[in-house]
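**Student:** A single structure is presented below for examination.
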Amino acid sequence: MNTYLVSVLNGLAMGSLLFAIALGLSLVFGMMDVLNLAHGAVYLVGAYVAVAVSGPDAGLAAFVLAVLAAAAAGAVLGGVLARLSQTTSHHLDQALLTLGVSLVITELLSLGFGDDVHSLSAPAPVAGGVQVLGETYPLYRLLVIGFGAVLAVAVYLLVERSALGSVIRATVADRGMVSALGINTGRVLVGVFAAGAALAAVGGVLAGPILGAQPGLDEKVLLLALVVVVVGGLGSVRGALLGALLIGQVQALGTSLLPEYASFLLFGAMALVLLVRPAGLLPAPTAVRA
82 MNTYLVSVLN
92 GLAMGSLLFA
102 IALGLSLVFG
112 MMDVLNLAHG
122 AVYLVGAYVA
132 VAVSGPDAGL
142 AAFVLAVLAA
152 AAAGAVLGGV
162 LARLSQTTSH
172 HLDQALLTLG
182 VSLVITELLS
192 LGFGDDVHSL
202 SAPAPVAGGV
212 QVLGETYPLY
222 RLLVIGFGAV
232 LAVAVYLLVE
242 RSALGSVIRA
252 TVADRGMVSA
262 LGINTGRVLV
272 GVFAAGAALA
282 AVGGVLAGPI
292 LGAQPGLDEK
302 VLLLALVVVV
312 VGGLGSVRGA
322 LLGALLIGQV
332 QALGTSLLPE
342 YASFLLFGAM
352 ALVLLVRPAG
362 LLPAPTAVRA
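Mind the numbering: the sequence shown is residues 82 to 371 in the working numbering, read in order.
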């Protein structure tokens, strides 16, 4: 039971990280019909920012710097994609552009930080452990779980219950009508893209003490985020949360109990969900159907 408890808590922590990372990808692709393959590279930017400013009191600084850097980069890339979408709607063009951006970003990070694996320690105030049902568990991971819960509520209220969320959903449903009302849909795309990039960078900062930072981690994270989006359903905050928690548990329990079959279990779970629910568990009503 102790082993199961630790694995379940690890799954919740991993699910919270995946939710922060995959949410931006889900909103951008599911709601704005833009395929962003640079999402993993933006995550890695956040992880390396945490490495660059690591120290006993650097947690908040890393958070702010990563969010600002990623939001700025996301806004620029979103602006380019908004212009590109005016001339073509092919996902292949978007994929090639964002893949090129991803390669450039990862190469620059490799030149700046080297190819070594960088490990990070949790900030000093949360570096200890607490007792959970008789087991000592890292406090930092519990805070990551709490952060995921707060983020889920905040984003759900913003997207589903606010005027800004209504504009985003309306832009997806009928971009021409929204433009006729005088709303700049290009700015909506740029804003959603910048927010998605900021969430990916936040995930990178938070995951630093858990996953570290190294070349190639962006590809693994992007793959996991895509699995979460497919399982949860495009453009859905609740779907992204449910998918992230499910994949986090499958990965944590699989790695702990059946390490040799962990990858099989991950993609097996995705295949099983798609067989039963081809659109994902909780797709948004306005999500783009591929």
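Just so you know, even glycine gets a beta-carbon here, dropped at the ideal spot from N, CA and C.
#1: With 16 as the cutoff for other CB atoms within 10 Å, does M95 come out buried or exposed?
#2: Which value, in whole angstroms, describes the spacing of the CA atoms of L192 and L356?
#3: What are the boundary residues of the beta strand (DSSP E) that G210 is part of?
#4: According to the neighbour-count rule (16 or more other Cβ atoms, all chains shown, within 10 Å of its Cβ), is L303 buried or exposed?
#5: Using the C-alpha atoms, what's the distance from S317 back to T336?
#6: In three-state terms, what does DSSP make of P290?
#7: Using the Cβ count rule (16 or more neighbours within 10 Å means buried), how would you classify L238?
#8: Give a yes or no on whether the minimum CB-CB distance between G195 and chain B is below 8 Å.
#9: On the CB-based measure, 16 or more other CB atoms within 10 Å of its CB, does M351 come out buried or exposed?
#10: Quick one: Cα of T266 to Cα of Y218, how far?
#11: Which whole-angstrom value describes the C-beta separation of L106 and G277, a residue pair presumed to lie in contact below a C-beta threshold of 8 Å?
#12: Taking the CB atoms as reference points, tell me whether A131 and G285 lie closer together than 8 Å.
#13: With Y129 as the anchor, note down where its alpha helix (DSSP H) starts and where it stops.
#14: Return the first residue and the last residue of the alpha helix (DSSP H) that Y221 is part of.
#15: Per DSSP, T217 is paired with what?
#16: Between A101 and V248, which are expected to be in contact by the criterion C-beta below 8 Å, what is the C-beta distance as a whole number of angstroms?
#17: Put A371 into one of helix, strand or coil per three-state DSSP.
#18: Just curious, the alpha helix (DSSP H) that R256 is in, first and last residue?
#19: Quick check on S202: buried or exposed, where buried means 16 or more other Cβ atoms within 10 Å of its Cβ?
#20: Give me the Cα-Cα distance between R164 and E188, rounded to the nearest whole angstrom.
#21: For V309 versus A333, is the C-beta distance shorter than 8 Å?
**Tutor:** This is what the structure gives:
#1: By one-based count along the sequence shown, residue 95 stands at place 14. Looking at its Cβ environment, which holds 16 or more other Cβ atoms inside 10 Å, M95 is buried.
#2: As a first step, residue 192 is located in the sequence shown; it is residue number 111 there, counting from the start. As a first step, residue 356 is located in the sequence shown; it is residue number 275 there, counting from the start. Approximately 43 Å, taken between the alpha carbons.
#3: Within the sequence shown, numbered from 1, the residue matching residue 210 stands at position 129. Element bounds for G210: G210 to V213.
#4: Taking the sequence shown and counting its residues from 1, the one referred to as residue 303 is at position 222. With a 10 Å radius around the Cβ and a threshold of 16 neighbouring Cβ atoms, L303 comes out buried.
#5: For this step, residue 336 is matched to residue 255 along the sequence shown. For this step, residue 317 is matched to residue 236 along the sequence shown. If you draw a straight line from the Cα of T336 to the Cα of S317, it is about 28 Å long.
#6: As a position in the sequence shown, residue 290 is number 209, starting the count at 1. Judged by DSSP in its simplified three-state form, P290 adopts helix.
#7: As a first step, residue 238 is located in the sequence shown; it is residue number 157 there, counting from the start. With fewer than 16 other Cβ atoms from the protein chains shown falling within 10 Å of its own Cβ, L238 counts as exposed.
#8: The structure shown has no chain B; it contains just one protein chain.
#9: Position 270 of the sequence shown, counted from the first residue, corresponds to residue 351. Result: buried.
#10: For the purposes of this step, residue 266 is taken as residue 185 along the sequence shown, with counting starting at 1. For the purposes of this step, residue 218 is taken as residue 137 along the sequence shown, with counting starting at 1. Between the C-alpha atoms of T266 and Y218 there is a straight-line separation of about 46 Å.
#11: What you label residue 106 is simply residue 25 of the sequence shown in a count that begins at 1. What you label residue 277 is simply residue 196 of the sequence shown in a count that begins at 1. Going by Cβ atoms, the distance from L106 to G277 rounds to 7 Å, so yes, they are a contact pair.
#12: For the purposes of this step, residue 131 is identified with residue 50 of the sequence shown, where counting begins at 1. For the purposes of this step, residue 285 is identified with residue 204 of the sequence shown, where counting begins at 1. Their beta carbons are under 8 Å apart, which means A131 touches G285 by this criterion.
#13: Indexing the sequence shown from 1 puts residue 129 at position 48. Following the DSSP letters along the chain, one finds Y129 inside the alpha helix (DSSP H) bounded by residues H120 to A133.
#14: By one-based count along the sequence shown, residue 221 stands at place 140. Counting along the chain, the unbroken alpha helix (DSSP H) around Y221 starts and ends at L220 to R242.
#15: The residue labelled residue 217 in the question sits at position 136 within the sequence shown. Beta-bridge partners of T217 (DSSP): Q212.
#16: Walking along the sequence shown from the start, residue 101 turns up at place 20. Walking along the sequence shown from the start, residue 248 turns up at place 167. Not a contact, Cβ separation roughly 23 Å.
#17: On the sequence shown, position 290 is the one that residue 371 refers to. Residue placement at A371 is flagged as unreliable, the pLDDT there being 40, under the threshold of 50; the coordinate-derived value follows with that caveat. A371 sits in coil when the DSSP states are folded into three classes, being neither helix nor strand.
#18: On the sequence shown, residue 256 is found 175 positions in, with the first residue counted as 1. Taken as a continuous stretch (DSSP letters only), the alpha helix (DSSP H) holding R256 covers R256 to A261.
#19: The residue given as residue 202 occupies position 121 in the sequence shown. S202 should be labelled exposed.
#20: Position 83 of the sequence shown holds residue 164. Position 107 of the sequence shown holds residue 188. Taking the straight line from one Cα to the other gives about 26 Å.
#21: The residue labelled residue 309 in the question sits at position 228 within the sequence shown. The residue labelled residue 333 in the question sits at position 252 within the sequence shown. No.
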